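Residues in the sequence shown are numbered consecutively from 1, following our numbering.
All C-beta atoms in this analysis are idealised placements derived from N, C-alpha and C, irrespective of residue type, glycine included.
Keep in mind it's a predicted model, so treat the numbers as computed, not measured.
Okay, so here's the structure we're looking at.
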Amino acid sequence: MKTKSLYIYPYGEEVIVILSDDANKVKKYIRKNIPEEYNNSWEATIDNTYHPNQNKQGACFVSTDDNIHWICFQKKLKSLYDISILAHEALHITHRILSRRGLLLTPDTEEAYTYLQQDIIKRAGDFLMK
1 MKTKSLYIYP
11 YGEEVIVILS
21 DDANKVKKYI
31 RKNIPEEYNN
41 SWEATIDNTY
51 HPNQNKQGAC
61 FVSTDDNIHW
71 ICFQKKLKSL
81 YDISILAHEA
91 LHITHRILSR
101 RGLLLTPDTE
111 EAYTYLQQDI
121 IKRAGDFLMK
């Protein structure tokens with residue numbers, strides 16, 4: 001399992017990118033790195049959305065109560081389809097970060113959304129393609 005931390009400036013939030021095909025290792029890692037009071041809800045979310053038998057390439061877990069978010073991929077990015085999944089997951093995190101600050105997606109806030117999503121895709125993609 002490999003991990004990379006992305007600090008999201010200027011919002012003071014963090015995205016942890018995980019590359020692992022072992023859902024149990026991912027659960028252990030997240031459980032070890034989040035506040036104990038969130039463990040039950042996170043574990044149920046992981047069980048429902050990130051399981052190798054479901055043949056899902058990626059998943060994200062967005063925080064509702066703290067400033068850490070997770071992008072999990074089972075294998076390196078090798079195709080446009082894989083990159084499109086990363087873009088999908090990055091938008092979930094972008095929405096969580098900006099909507100918590102009162103920035104809902106509108107024509108006036110569209111650029112903030114696209115720049116943040118682009119930054120997450122670029123930095124997570126660099127890690128997930130190596």
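Buried/exposed call for residue i, threshold 16 Cβ in 10 Å
| i | result |
| --- | --- |
| Q74 | buried |
| G58 | buried |
| L19 | buried |
| L6 | buried |
| E110 | exposed |
| L128 | buried |
| E79 | In the sequence on display, residue 79 carries Ser and not Glu. S79 should be labelled exposed. |
| L104 | exposed |
| S63 | buried |
DSSP beta-bridge partners of residue i
| i | result |
| --- | --- |
| P73 | One detail in the question is off: residue 73 reads as Phe in this sequence, not Pro. Bridge partners of F73: L19, G58. |
| T3 | I18 |
| I68 | E14 |
| I8 | E13 |
Cβ-Cβ separation, residue j to residue i (assumed contact under 8 Å), whole Å
| i | j | result |
| --- | --- | --- |
| A23 | I71 | Not really, about 15 Å apart at Cβ, beyond 8 Å. |
| I121 | V15 | That belief does not hold up - the Cβ atoms of I121 and V15 are roughly 11 Å apart, past 8 Å. |
Closer than 6 Å: residue i CB and nearest the ligand ZN heavy atom
| i | result |
| --- | --- |
| D22 | No copy of the ligand ZN occurs in the structure displayed, which carries no ligand at all. |
Are the stretch 74-87 and the stretch 102-116 touching by the rule of at least three beta carbon pairs closer than 8 Å? Pairwise C-beta distances place the stretch 74-87 out of contact with the stretch 102-116, as fewer than three of them are shorter than 8 Å.
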